[in-house]
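**Q**
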């Protein structure tokens with residue numbers, strides 16, 4: 015997501031799936047799965063003219079938490095339900111840790127991440 019935003023902000027250009035897969039050094043099929051998921055969630059859009067992958071909204075309107083929620087959702091990975099454990103104490107500790115992490119990134123947007131990555 016940051017790479018897509020960086021290119022948009024610095025060059026005004028879109029990535030094609032194959033270009034992005036090469037730049038990220040990931041298999042195209044894996045990347046396509048995630049792109050499809052982000053399209054379903056309204057974060058990305060596929061364009062036909064020019065062909066490419068675009069943000070569905072301005073990067074300042076895409077919260078970092080939205081992206082991480084999609085990535086962390088076990089259903090988007092085909093794993094069924096969320097985290098389960100037989101030990102409620104461990105589950106409570108893990109949830110507390112997650113809440114602290116979410117609070118730390120609450121105000122961040124995709125634009126702020128991309129601009130930080132573009133800074134020398």
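Numbering (this note's numbering), first residue to last: 15 to 134.
In this text, a Cβ means the ideal position worked out from N, Cα and C, and glycines have one as well.
Note that this is a predicted model, so its numbers are computed, not measured.
On the DSSP bridge assignment, give the partners of residue 58 in chain order.
**A** Here residue 58 refers to the residue found at position 44 when the chain shown is read from its first residue. 69.
**Q** Would DSSP call residue 30 helix, strand or coil?
**A** Here residue 30 refers to the residue found at position 16 when the chain shown is read from its first residue. Here residue 30 sits in coil by DSSP.
**Q** In its own chain, which residues sit with a C-beta less than 8 Å from the C-beta of residue 7, not counting the 5 before and 5 after it?
**A** For residue 7 there is no data in the structure shown, the boundaries of the chain being 15 and 134.
**Q** Compute the beta-carbon to beta-carbon distance between residue 128 and residue 73, rounded to the nearest angstrom, for a pair I have assumed lies under 8 Å.
**A** As a first step, residue 128 is located in the chain shown; it is residue number 114 there, counting from the start. As a first step, residue 73 is located in the chain shown; it is residue number 59 there, counting from the start. About 6 Å separates the two Cβ atoms, so the contact holds.
**Q** Cα separation between residue 62 and residue 80?
**A** Here the question's residue 62 lines up with position 48 in the chain shown. Here the question's residue 80 lines up with position 66 in the chain shown. The alpha-carbon atoms of residue 62 and residue 80 are separated by roughly 25 Å.
**Q** Could you tell me which residues DSSP pairs with residue 20 in its beta bridges?
**A** Against the chain shown, residue 20 aligns to sequence position 6. Residue 20 is not bridged to any residue.
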